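Novice: Chains A and B are the protein sequences, given in the same order. In this text, residue positions in the first sequence follow numbering that gives the first Met the number 0: the first is 0, and each later residue adds one. In this text, residue positions in the second sequence follow numbering that gives the first Met the number 0: the first is 0, and each later residue adds one. The beta-carbon is built from N, C-alpha and C at its ideal position, and this holds for glycine as well. None of these values were measured; they are calculated from a predicted model. Can you read through this structure? Questions will come right after.
There are 2 protein chains.
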Amino acid sequence: MEAAAASLAPPKPSVERLLALAERDMAGVDALILEHMESSVPVIPALAEHLIAAGGKRLRPLMAVAAARAAGAKTVEFRKLAAAVEFIHTATLLHDDVVDSSSLRRGKVAAHLIWGAPSSVLVGDFLFARAFELMVSAGSMRALDILARASRVISEGEVLQLTRAHEIGLTEAMYLEIISAKTAELFAAAAEAGAVSAGASDASVRAFRSFGMNVGIAFQLVDDALDYSGASGELGKNPGDDFREGKATLPLLLAVARTGASEAAFWDRTVERLQQDEADFARAQALVLSTGALDATMDLAYDYADRAKLALKGVGDPAWRVALCDLADVAVSRSA
Amino acid sequence: MEAAAASLAPPKPSVERLLALAERDMAGVDALILEHMESSVPVIPALAEHLIAAGGKRLRPLMAVAAARAAGAKTVEFRKLAAAVEFIHTATLLHDDVVDSSSLRRGKVAAHLIWGAPSSVLVGDFLFARAFELMVSAGSMRALDILARASRVISEGEVLQLTRAHEIGLTEAMYLEIISAKTAELFAAAAEAGAVSAGASDASVRAFRSFGMNVGIAFQLVDDALDYSGASGELGKNPGDDFREGKATLPLLLAVARTGASEAAFWDRTVERLQQDEADFARAQALVLSTGALDATMDLAYDYADRAKLALKGVGDPAWRVALCDLADVAVSRSA
Chain A
0 MEAAAASLAP PKPSVERLLA LAERDMAGVD ALILEHMESS VPVIPALAEH LIAAGGKRLR
60 PLMAVAAARA AGAKTVEFRK LAAAVEFIHT ATLLHDDVVD SSSLRRGKVA AHLIWGAPSS
120 VLVGDFLFAR AFELMVSAGS MRALDILARA SRVISEGEVL QLTRAHEIGL TEAMYLEIIS
180 AKTAELFAAA AEAGAVSAGA SDASVRAFRS FGMNVGIAFQ LVDDALDYSG ASGELGKNPG
240 DDFREGKATL PLLLAVARTG ASEAAFWDRT VERLQQDEAD FARAQALVLS TGALDATMDL
300 AYDYADRAKL ALKGVGDPAW RVALCDLADV AVSRSA
Chain B
0 MEAAAASLAP PKPSVERLLA LAERDMAGVD ALILEHMESS VPVIPALAEH LIAAGGKRLR
60 PLMAVAAARA AGAKTVEFRK LAAAVEFIHT ATLLHDDVVD SSSLRRGKVA AHLIWGAPSS
120 VLVGDFLFAR AFELMVSAGS MRALDILARA SRVISEGEVL QLTRAHEIGL TEAMYLEIIS
180 AKTAELFAAA AEAGAVSAGA SDASVRAFRS FGMNVGIAFQ LVDDALDYSG ASGELGKNPG
240 DDFREGKATL PLLLAVARTG ASEAAFWDRT VERLQQDEAD FARAQALVLS TGALDATMDL
300 AYDYADRAKL ALKGVGDPAW RVALCDLADV AVSRSA
C-alpha cells in the first residue's frame, strides 16, 4: 500500500536516492551536454548555457538513465540518449517561450528577451539537431525511432495546444491528449529509449514507457495546478501566466464547468476573448479554489503517479525501481 | 571543355533530362512527402501543403535521388532520404521566414502571415521531426549521421548570418562560410547521403558531396545576385528584400568595397543602421551594377558550377552523371 499512502500524505519525496544511485551516470550526461552545446558560433553556447547549465532538474535525462540502469544496461551508451533527451526538451522550451511570449523560464529572464526570438528559434533548431547527432553516436536505430517519433508527437501536441488553447469548452479527454503529447511523451520516450538501449524485453520496454507516460501526465497536471495555487514562482515561472495567456488547462476547465452560467460572461471575456484587467487573475484563482477545481486536478495527478508506480511493479532491478518510483512522487509533490 | 562553354554562353539549361530519368523516383518521393506531412492536427498538413505541395523545384531531393542512382542504388530506400531532405529544407524555410519576417515565399504569402509565427515555428519542428522518422525508416545510420550533422551545420549558418548580417565589413571568406553552412551543406548532404545509401566507395561519396557543396554555393550566389538584378520576382520573392533587411550578401559587400569613401555614409545608414527610404534600394542596385559587383558575383557562381562538374568527372553512371551536371548549370542560369 506504499503508493496509496504516498498519495494521501506525501512524506516530502525527493530524487536524492535516485540521484545518489545515478551520480556517475548523471555526471557523464552533464559532460556530454556541455560538450555538445559547443559551437564555433558564439551566441549558440551562450544562449544554450543560459538555459541548460544554469537550471533545470534534469528529470527527463534522469528518467532515461534510471530506466536503462533498472533494465540492466551493460554499457553507458544510454548516457548519450539521456543527453539527447535534455537537448530535445531544451529546444522545445526555447520554441515554446517564443510561441507563448513568456517572460520567465527556470527563474531567469526568457532567452528570447535577451537574444531575441530569432536566436531562440535557431538555437532551438541547433539543439534539436545536436540531439540527433548524439542519438546517432549512441548507435541504436530503435532508440532513434522512439525519440524521432516523440519529437514529432511533441510538436503535434504544441500545435494542438496553440490552436485550441482558448476553448473553455475543451473536454478533459482533449486536455489529457494535449498534455500527453506536449509533455508526457518525452518522459515516456526517455524511459522507453533507456530500456531499449539496455536490451530490455518488449514487456519491460512497455512497462517503462507506461511509467514515463504516467509520470509525465502527473507532472503537467501539477504544473497546471501550481499556476493557480500561487506556488509556481518556485518553479521559476510567473503565477497566473496560463490564465493571462487564456490557456485552457484542467483547473480552469473544471472551474468553468463548476461555476456554470453565473460566471460564463467572466470566462468568456477573460479566456476566450483575452480581455483582462489586473484583478481578473485573483478572481479566477478564487473560483478555481472555491469550486475544488484545484484539488480535483491534484487528485488526478496523484492517480497518475500511482498508475506510474503500478506499471513498474516487479519490473527490472529492485533498487533502481524503488528509486525510480521516487520520480513519480516528486512529480506530484512540487506544491507549496 | 563542355563546362567552360556552358559558363560562357549558357544554352538555357534545364533539369528536364534529369527529371525524365528520375521521373519514377521523384513520383515516389512526392508520394512519401504527401504521406508524411499528414497529421491528426488539422493546421499541420494545411500549413505544410501551402509550402510543399504548391511549389518548389525539389532540387535537393532531386540531388539525393540522382546521386543515389548515379552511384548505382539497388533499392529505393534513398527515396525516403530524399523526402527527408525536402522536409529539412521546408522546416528551415518556415523558421527562416519567421526570423526574417519575410512576406513572400515561393511566390505565395509566407505561411507565418497566414497562420502566425507560432504555427510556423511549431510546424517547422514537426517537419524536422518527420524528416528524422523518414531517415530512421530508411535504415542507414550513416545517412542519418550525415543529415543530422547537416541540420546542425545549417542552424549554425543561420545563427551566423543572423548575428553578422549587418556587417558591411564582412570578408568574402566569412560570407562564403555562411552560405556554405546555411545553403550548400544541405545540397552536399543530400548528394552524400544518396551516394552512401547506394553503397558507393568513400572516394565516390566524397565526389558527390563536393558536387553538392559546389552546386549549393553557386545556387546561393545566384540567389543573392538576383536580389539586385531585379529578377528575383521570378523566384517568388520580392527584389530588394536582402537590401531592406540589411543582409551583407556578396553583391553588396563588393559594391561597398568598390565604392569606397564616397558612399560610406550611404551604406552605413542603409545597411548598418537600417535607416532606409523608398529610393534607397534603387540607388544600391545602381551601385551594385555600375561597380561590376553583380557580374563578379555571377562569375564566382559560374566558377563554383564548374568546380561541381569537375568533382564528378568519371564518377558513377555516365547517363546519370551527365544529367546531374545539368543541376549545376541550372543553379547558375536562373537569371533573367
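Output, in sequence order along the chain, the residues in the region 154-181 of chain B whose CB is closer than 7 angstroms to any CB in chain A.
Specialist: Ser154, Glu155, Glu157, Val158, Leu159, Leu161 and Thr162
Novice: Got a sec: is the Cβ-Cβ distance from Asp316 of chain B to anything in chain A below 9 angstroms?
Specialist: What you label residue 316 of chain B is simply residue 317 of the second sequence in a count that begins at 1. With 9 angstroms as the cut-off, Asp316 of chain B does not count as an interface residue toward chain A.
Novice: Looking at Phe186 of chain B: is its Cβ nearer than 9 angstroms to the Cβ of Gly156 of chain B?
Specialist: Within the second sequence, numbered from 1, the residue matching residue 186 of chain B stands at position 187. Within the second sequence, numbered from 1, the residue matching residue 156 of chain B stands at position 157. Gly156 of chain B is positioned such that its CB atom lies no closer than 9 angstroms to that of Phe186 of chain B.
Novice: Output needed for Thr182 of chain B: all residues of its chain with C-beta closer than 6 angstroms, excluding positions within five of it in sequence on either side, in chain order.
Specialist: Counted from its first residue, the second sequence places residue 182 of chain B at position 183. Correct list, in chain order: Gly215 and Gln219.
Novice: From Val270 of chain A to Ala19 of chain B, what distance separates their C-alpha atoms?
Specialist: Reading the first sequence from its first residue, position 271 is the one you call residue 270 of chain A. Reading the second sequence from its first residue, position 20 is the one you call residue 19 of chain B. The alpha-carbon atoms of Val270 of chain A and Ala19 of chain B are separated by roughly 55 angstroms.
Novice: Going by Cα to Cα distance, which pick from B:Leu61, B:Ala295, B:Phe125 and B:His165 is closest to Ala147 of chain A?
Specialist: In the first sequence, residue 147 of chain A corresponds to position 148, counting from 1. Here the closest residue by C-alpha is B:Phe125.
Novice: What are the start and end residues of the alpha helix (DSSP H) that includes Asn213 of chain A?
Specialist: In the first sequence, counting from the first residue as 1, residue 213 of chain A sits at position 214. Segment Asp201 to Ser228, the alpha helix (DSSP H) holding Asn213 of chain A.
Novice: Please state if the CB of Val122 of chain A and the CB of Leu31 of chain A are separated by a distance shorter than 9 angstroms.
Specialist: Taking the first sequence and counting its residues from 1, the one referred to as residue 31 of chain A is at position 32. Taking the first sequence and counting its residues from 1, the one referred to as residue 122 of chain A is at position 123. Their beta carbons are not under 9 angstroms apart, which means Leu31 of chain A does not touch Val122 of chain A by this criterion.
Novice: Nearest CA to the CA of Gln274 of chain B: which residue from B:Phe242, B:Ala137 and B:Ala26?
Specialist: Residue 274 of chain B sits at position 275 when you count from the first residue of the second sequence. Looking at the Cα atoms, B:Phe242 is the closest of the given residues.
Novice: Taking any Cβ of chain B, which residues in the region 104-123 of chain A have a Cβ under 7 angstroms from it, in chain order?
Specialist: Pro117, Ser118, Val120, Leu121 and Val122
Novice: Could you name each continuous alpha helix (DSSP H) segment of 4 residues or more that falls completely within the region 55-130 of chain A, going from the start of the chain to the end?
Specialist: Within the region 55-130 of chain A, the complete alpha helix (DSSP H) segments of 4 residues or longer fall at 58-69, 77-99 and 110-114, listed in chain order.
Novice: Starting from Gly291 of chain A, trace the alpha helix (DSSP H) both ways and give me its first and last residue.
Specialist: Within the first sequence, the letter at position 292 stands for residue 291 of chain A. Note, Gly291 of chain A: premise wrong, no alpha helix (DSSP H); not H, not E.
Novice: Anything in chain A within Cβ reach of Leu143 of chain B, meaning under 9 angstroms, just list it in chain order.
Specialist: Within the second sequence, residue 143 of chain B is the residue found at index 144, counting from 1. Within chain A, the residues near Leu143 of chain B are Phe131, Met134, Val135, Met140 and Leu143.
Novice: Glu342 of chain B and Leu286 of chain B look like a contact to me (Cβ under 8 angstroms); what is the Cβ gap, rounded to whole Å?
Specialist: Since the first and last residues shown for chain B are 0 and 335, residue 342 of chain B lies out of range.
Novice: Looking at the structure shown, is Pro12 of chain A part of a helix, part of a strand, or coil, going by DSSP?
Specialist: Residue mapping note: residue 12 of chain A aligns to position 13 of the first sequence, counting from 1. Three-state result, Pro12 of chain A: coil.
Novice: Applying the criterion that 16 or more other CB atoms from any shown protein chain within 10 Å of the CB defines a buried residue, is Val98 of chain B buried or exposed?
Specialist: Reading the second sequence from its first residue, position 99 is the one you call residue 98 of chain B. With 16 or more other Cβ atoms within 10 Å, it is buried.
Novice: Since I believe Ala137 of chain B is in contact with Ser196 of chain B (beta carbons under 8 angstroms), could you give me their beta-carbon distance rounded to a whole number of angstroms?
Specialist: If you number the second sequence from 1, residue 196 of chain B lands on position 197. If you number the second sequence from 1, residue 137 of chain B lands on position 138. 7 angstroms between Cβ atoms; contact.
Novice: Report, in whole angstroms, the separation of the C-beta atoms of Leu318 of chain A and Ala65 of chain A, which I expect to be a contact under 8 angstroms.
Specialist: The residue given as residue 318 of chain A occupies position 319 in the first sequence. The residue given as residue 65 of chain A occupies position 66 in the first sequence. Per the sequence presented here, residue 318 of chain A reads as Ala, with Leu not at that position. With a Cβ gap of about 11 angstroms, Ala318 of chain A and Ala65 of chain A do not count as contacting.
Novice: What separation, rounded to the nearest whole angstrom, lies between the Cα atoms of Gly198 of chain A and Ser38 of chain A?
Specialist: Taking the first residue of the first sequence as 1, we reach residue 198 of chain A at position 199. Taking the first residue of the first sequence as 1, we reach residue 38 of chain A at position 39. Roughly 33 angstroms separates the two Cα atoms.
Novice: Apply the 10 Å Cβ neighbour rule to Asp267 of chain B and answer buried if 16 or more other Cβ atoms are within range, or exposed otherwise.
Specialist: Reading the second sequence from its first residue, position 268 is the one you call residue 267 of chain B. Classification of Asp267 of chain B: exposed, given that the 10 Å Cβ count is below 16.
Novice: In or out: Thr89 of chain A buried (at least 16 other Cβ within 10 Å) or exposed?
Specialist: Numbered from its first residue, the first sequence carries residue 89 of chain A at position 90. The residue in question, Thr89 of chain A, is buried, as its Cβ has 16 or more Cβ neighbours within 10 Å.
Novice: Check Ala197 of chain A in the structure and name its three-state DSSP category.
Specialist: Looking up residue 197 of chain A in the first sequence gives position 198. If DSSP states are grouped into helix, strand and coil, Ala197 of chain A belongs with coil.
Novice: Determine whether the beta carbon atoms of Ala295 of chain A and Gly239 of chain A lie at a separation below 9 angstroms.
Specialist: Your numbering for residue 295 of chain A matches position 296 in the first sequence. Your numbering for residue 239 of chain A matches position 240 in the first sequence. Against a cut-off of 9 angstroms, the Cβ pair of Gly239 of chain A and Ala295 of chain A comes out as no contact.
Novice: Exposed or buried, which one is Pro41 of chain A when buried takes at least 16 other CB atoms within 10 Å?
Specialist: As a working note, residue 41 of chain A is residue 42 in the first sequence. So Pro41 of chain A ends up on the exposed side.
Novice: On the DSSP letters alone, give me the boundaries of the alpha helix (DSSP H) that Arg333 of chain A sits inside.
Specialist: Within the first sequence, the letter at position 334 stands for residue 333 of chain A. Counting along the chain, Arg333 of chain A falls outside any alpha helix (DSSP H), and DSSP gives it neither H nor E.
Novice: So which of A:Gly313, A:Glu132, A:Ala247 and A:Phe280 has the shortest CA-CA distance to Asp223 of chain A?
Specialist: As a working note, residue 223 of chain A is residue 224 in the first sequence. When only C-alpha atoms are compared, the closest one is A:Ala247.
Novice: Suppose the cutoff is 6 angstroms on Cβ atoms and the five residues either side in sequence are ignored; what does the same chain contact list for Phe280 of chain A look like?
Specialist: Numbered from 1 along the first sequence, position 281 holds the residue referred to as residue 280 of chain A. These residues qualify, in order along the chain: Gly239 and Phe242.
Novice: Against chain A, does Val97 of chain B count as a neighbour if the rule is that its beta carbon must be under 9 angstroms from one of theirs?
Specialist: Position 98 of the second sequence, counted from the first residue, corresponds to residue 97 of chain B. Cβ-Cβ to chain A under 9 angstroms: yes for Val97 of chain B.
Novice: At the 9 angstroms Cβ level, is Phe186 of chain B part of the contact set with chain A, yes or no?
Specialist: Counted from its first residue, the second sequence places residue 186 of chain B at position 187. Judged by the 9 angstroms Cβ criterion, Phe186 of chain B is not in contact with chain A.
Novice: At the level of alpha carbons, what is the spacing between Asp276 of chain A and Val331 of chain A?
Specialist: Working through the first sequence from its first residue, we reach residue 276 of chain A at position 277. Working through the first sequence from its first residue, we reach residue 331 of chain A at position 332. Taking the straight line joining both Cα atoms gives about 31 angstroms.
Novice: Can you confirm whether Thr91 of chain A, when its beta carbon is compared against all beta carbons of chain B, has any partner nearer than 9 angstroms?
Specialist: Translated into positions along the first sequence, residue 91 of chain A becomes position 92. It does: the Cβ of Thr91 of chain A has a partner Cβ on chain B nearer than 9 angstroms.
Novice: Please determine if the region 130-144 of chain A and the region 163-181 of chain A are in contact, where contact requires at least 3 C-beta pairs separated by less than 8 angstroms.
Specialist: By the Cβ criterion, the region 130-144 of chain A is not in contact with the region 163-181 of chain A, since fewer than three pairs of Cβ atoms, one from each stretch, lie closer than 8 angstroms.
Novice: Drop a sphere of 10 angstroms on the beta-carbon of Ile113 of chain A, count the other beta-carbons inside from all chains shown, and report buried for 16 or more, exposed for fewer.
Specialist: To locate residue 113 of chain A, count along the first sequence from 1; it is residue 114. Classification for Ile113 of chain A: exposed.
Novice: Starting from the Cα of Asn237 of chain B, find the closest Cα among B:Arg16, B:Ser102 and B:Gly55 and give me that residue.
Specialist: Position 238 of the second sequence, counting from 1, holds the residue named residue 237 of chain B. Here the closest residue by C-alpha is B:Ser102.
Novice: Just the Cα atoms here: how many angstroms apart are Ala189 of chain B and Ile177 of chain A?
Specialist: Numbered from 1 along the second sequence, position 190 holds the residue referred to as residue 189 of chain B. Numbered from 1 along the first sequence, position 178 holds the residue referred to as residue 177 of chain A. Taking the straight line joining both Cα atoms gives about 35 angstroms.
Novice: Per DSSP, what kind of secondary structure is Pro317 of chain A in: helix, strand or coil?
Specialist: As a working mapping, residue 317 of chain A is identified with position 318 in the first sequence. Of the three classes helix, strand and coil, the one that applies to Pro317 of chain A here is helix, per DSSP.
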